[in-house]
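**Q** In the working numbering, the protein residues as written are 2 to 550. Just so it is clear, CB atoms sit at the ideal spot from N, CA and C, and this is done for glycine as well. Everything numeric in this text was worked out from a predicted model, so none of it was measured. Structure below; questions to follow.
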């Protein structure tokens, strides 16, 4: 990638100019009065172009790139994301996001989509072991486009005090009061998440990383105090985990597009494809109640869902090869996702002066527990449903958060401070107790804080904010939640940045991210999770500029 260090070459300029030209044409169209044939129709079309870069600040740590696992069976399967990138430029990306809303009176539709190109992932890597990025990793990180929202909606009055809204199609929704730790909350049931964005921008709120899925949902405001809602999803989609060998990937076998794994004997264990859940069987409901004369709002929830991130790996023994060689030859592996998880919970939110307090607690039944690698022998049934090999159990979860609006002082003009404390416990193991990762604990607690002071009109037309954040696992090695902010004991991340807005149209941001804690590869040599800091050598600085029209 040395030829990329000058970063913005001809290809970038051509693509950037093409997109900007498109933007100019769109802006001109928007400036025109659009006759849709009916004055009741309203059309809004917004576009955002973003250009960003990121730089690795450290070299590779030998403790992370030379870490065997599975009792030495795999000498190096959790280091490719580290080895693929030398110190320097690790992302050089252009994004286009477009959204359109068309409405008439009480109904309409919304469509949004995204496209991106990252030149780094369209070039060779810095590793002699894997000179080219895997095809699925190149697609996820390097060049692709996708439809995000695509739904129709209907809203209206159903009586003197009743109002309702229904949506059908690709959209996202969130239940509960999770701020950062949605993977530990009721919101874990509602949809897949963009984990790549979460790792790239620590401190991103959970509602900002939820991805849309094809579903029907409705919300009915019965009266000012009481509302009910429900949804049913027509499809299952996985979360966007970092692609295998991408910069923030820490285990080569887990993630989007994982490739073959080299055993110590010299053979490859190939990716046999994900064991995906069925599309049906996911839905939920909520009741929200505001007692009269109070600032309190209560929520009650129930849902069934399938996990959107893999709970672990199944490795398939190659019977003939093992018999012929006398060695444990694993022919293939598959990422497995748990089906039919049930959850129920309650929440509260209230305001007091400049503070907003919220919290929730929930239980999960048939929940997947953090498990180690499971070997599947010939003829054995193994999936994520009734034939699971990973551990399952009953778990308890709680999140407590606070938001404080900063008042003008000599140190800032305004801003906000956010914090959330999350806890979980495995109450019981109901299936496959022997599969439970032996390095886990019953309880775990994590904390994330984000302070963002604001400075208005520091010069004419420019507003500035300074986000400062930190996330840390305070204690425990969670057996109830697989990563989702609980993957590193006494470790975490901290970041500091600058964000400037010019004339409410142009945004520029600079951010530094540090992954702190004892450097350890994600998996120990015995195959269990280490709960150390697997990204300890991947601190980075990022810069972006974006505009909307």
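Give the DSSP-derived three-state secondary structure of residue 65 in the structure shown.
**A** The count along the chain shown starts at 1 and reaches residue 65 at position 64. In the structure shown, residue 65 sits in a helix (DSSP, three-state: H, G or I).
**Q** Alpha carbon to alpha carbon, what distance is there between residue 407 and residue 459?
**A** Mapped onto the chain shown, residue 459 falls at position 458. Mapped onto the chain shown, residue 407 falls at position 406. Roughly 18 Å between the two C-alpha positions.
**Q** Closer than 8 Å is the cut-off here; do at least three beta carbon pairs connect the stretch 211 to 230 with the stretch 144 to 164?
**A** yes
**Q** Under a Cβ-count criterion, where at least 16 other Cβ atoms within 10 Å of its own Cβ denotes burial, should residue 522 be classed as buried or exposed?
**A** In the chain shown, counting from the first residue as 1, residue 522 sits at position 521. Residue 522 is buried by the Cβ-count criterion.
**Q** Report the three-state DSSP secondary structure of residue 491 (helix, strand or coil).
**A** For the purposes of this step, residue 491 is taken as the residue at position 490 of the chain shown. Correct three-state label for residue 491: coil.
**Q** Kindly indicate which residue of 328, 274, 295 and 320 has the alpha-carbon position closest to the one of residue 311.
**A** Sequence index remark: in the chain shown, residue 311 carries index 310 (1-based). Checked all of 328, 274, 295 and 320; the closest Cα to residue 311 is 274.
**Q** For residue 278, name the three-state secondary structure that DSSP assigns.
**A** The count along the chain shown starts at 1 and reaches residue 278 at position 277. Residue 278 falls in the coil class under three-state DSSP.
**Q** Is the distance from the Cβ of residue 382 to the Cβ of residue 388 below 8 Å?
**A** Taking the chain shown and counting its residues from 1, the one referred to as residue 382 is at position 381. Taking the chain shown and counting its residues from 1, the one referred to as residue 388 is at position 387. In contact: residue 382 and residue 388 (Cβ atoms closer than 8 Å).
**Q** Pick from 128, 380 and 547: whose alpha carbon is nearest that of residue 317?
**A** For the purposes of this step, residue 317 is taken as the residue at position 316 of the chain shown. Of the candidates 128, 380 and 547, the one whose C-alpha sits nearest the C-alpha of residue 317 is 380.
**Q** Out of 89, 499, 305 and 258, point me to the one whose CA is closest to residue 282's CA.
**A** Start at 1 with the first residue of the chain shown, and residue 282 comes out as number 281. Per the C-alpha coordinates, the member of 89, 499, 305 and 258 positioned closest to residue 282 is 305.
**Q** Report all residues from its chain with a CB closer than 7 Å to the CB of residue 430; omit the five preceding and five following residues, and keep chain order.
**A** To locate residue 430, count along the chain shown from 1; it is residue 429. Once the five neighbours on either side are set aside, the close Cβ partners of residue 430 are 370, 392, 394 and 437.
**Q** Tell me whether residue 356 is buried or exposed, calling it buried when 16 or more other Cβ atoms sit within 10 Å of its Cβ.
**A** Looking up residue 356 in the chain shown gives position 355. Under this definition residue 356 is an exposed residue.
**Q** Please classify residue 335: is it buried, with 16 or more other beta-carbons within 10 angstroms of its beta-carbon, or exposed?
**A** In the chain shown, residue 335 corresponds to position 334, counting from 1. With 16 or more neighbouring CB atoms inside 10 Å of its own CB, residue 335 falls in the buried class.
**Q** In chain order, what residues of the same chain have a beta carbon less than 7 Å from the beta carbon of residue 503, not counting five sequence neighbours either side?
**A** The count along the chain shown starts at 1 and reaches residue 503 at position 502. The beta carbon of residue 503 lies closer than 7 Å to those of 462 and 463 in the same chain, with the five residues before and after it left out.
**Q** On the criterion of 16 or more Cβ atoms from any shown chain inside 10 Å, does residue 309 qualify as buried, or is it exposed?
**A** Here the question's residue 309 lines up with position 308 in the chain shown. Residue 309 is buried by the Cβ-count criterion.
**Q** So, residue 92 versus residue 119, is the Cβ gap smaller than 8 Å?
**A** Locating residue 92 in the chain shown gives position 91, counting from the first residue. Locating residue 119 in the chain shown gives position 118, counting from the first residue. Cβ distance < 8 Å, so residue 92 and residue 119 count as in contact.
**Q** In the structure shown, what three-state DSSP assignment does residue 454 receive?
**A** Along the chain shown, read from residue 1 onward, the residue named residue 454 stands at position 453. Correct three-state label for residue 454: strand.
**Q** Mind checking which residues open and close the alpha helix (DSSP H) that includes residue 323?
**A** Indexing the chain shown from 1 puts residue 323 at position 322. Segment 320 to 326, the alpha helix (DSSP H) holding residue 323.
**Q** With H, G and I counted as helix, E and B as strand and the rest as coil, what does DSSP make of residue 258?
**A** What you label residue 258 is simply residue 257 of the chain shown in a count that begins at 1. The answer is coil: DSSP assigns residue 258 none of H, G, I, E or B.
**Q** Can you tell me the Cα-Cα spacing of residue 524 and residue 204, whole angstroms?
**A** Position 523 of the chain shown, counted from the start, is the residue given in the question as residue 524. Position 203 of the chain shown, counted from the start, is the residue given in the question as residue 204. If I take the Cα positions, the gap works out to 25 Å.
**Q** Could you give the distance in angstroms between the alpha-carbon of residue 347 and the alpha-carbon of residue 363?
**A** Mapped onto the chain shown, residue 347 falls at position 346. Mapped onto the chain shown, residue 363 falls at position 362. Roughly 6 Å separates the two Cα atoms.
**Q** Using CA coordinates, which residue listed in 435, 445 and 127 is at the minimum distance from residue 423?
**A** As a position in the chain shown, residue 423 is number 422, starting the count at 1. Of the candidates 435, 445 and 127, the one whose C-alpha sits nearest the C-alpha of residue 423 is 445.
**Q** Put residue 529 into one of helix, strand or coil per three-state DSSP.
**A** Here residue 529 refers to the residue found at position 528 when the chain shown is read from its first residue. Coil, per DSSP.
**Q** With a cut-off of 8 Å, do at least 3 Cβ pairs link the stretch 130 to 138 to the stretch 168 to 184?
**A** no
**Q** Output the boundary residues of the alpha helix (DSSP H) element that contains residue 265.
**A** Counting from one through the chain shown, the residue named residue 265 turns up at place 264. Where residue 265 is concerned, there is no enclosing alpha helix (DSSP H), given that its DSSP letter is neither H nor E.
**Q** Would you identify the three-state DSSP class for residue 291, choosing helix, strand or coil?
**A** Here the question's residue 291 lines up with position 290 in the chain shown. Reduced to three states, the DSSP call for residue 291 is coil.
**Q** Residue 262: buried (16+ other C-beta within 10 angstroms of its C-beta) or exposed?
**A** For the purposes of this step, residue 262 is identified with residue 261 of the chain shown, where counting begins at 1. Classification of residue 262: buried, given that the 10 Å Cβ count is 16 or more.
**Q** Would the beta-carbon of residue 494 fall within 8 Å of that of residue 83?
**A** In the chain shown, the residue the question calls residue 494 occupies position 493. In the chain shown, the residue the question calls residue 83 occupies position 82. No; because the gap between Cβ atoms is not below 8 Å, this pair is not in contact.
**Q** Around the C-beta of residue 468, are 16 or more other C-beta atoms found within 10 angstroms, so that it is buried, or is it exposed?
**A** Along the chain shown, read from residue 1 onward, the residue named residue 468 stands at position 467. Its Cβ being crowded by 16 or more others within 10 Å, residue 468 is buried.
**Q** What residues are listed by DSSP as bridge partners for residue 369?
**A** Along the chain shown, read from residue 1 onward, the residue named residue 369 stands at position 368. Partner(s): 393.
**Q** Tell me residue 520's beta-bridge partners as DSSP assigns them.
**A** Your numbering for residue 520 matches position 519 in the chain shown. Paired residues: 534.
**Q** With respect to the alpha helix (DSSP H) encompassing residue 222, which residues constitute its N-terminal and C-terminal limits?
**A** Here residue 222 corresponds to residue number 221 of the chain shown, with the count starting at 1. It is not in any alpha helix (DSSP H) - residue 222 instead sits in the beta strand (DSSP E) that spans 214 to 224.
**Q** Express the C-alpha separation of residue 75 and residue 455 in angstroms, rounding to a whole number.
**A** Taking the chain shown and counting its residues from 1, one reaches residue 455 at position 454. Taking the chain shown and counting its residues from 1, one reaches residue 75 at position 74. Taking the straight line joining both Cα atoms gives about 49 Å.
**Q** Which of the three DSSP states, helix, strand or coil, is assigned to residue 165?
**A** Taking the chain shown and counting its residues from 1, one reaches residue 165 at position 164. Note: residue 165 maps to strand in three-state DSSP.
**Q** In the DSSP assignment, what are the bridge partners of residue 196?
**A** Within the chain shown, the letter at position 195 stands for residue 196. Paired residues: none, contrary to the question.
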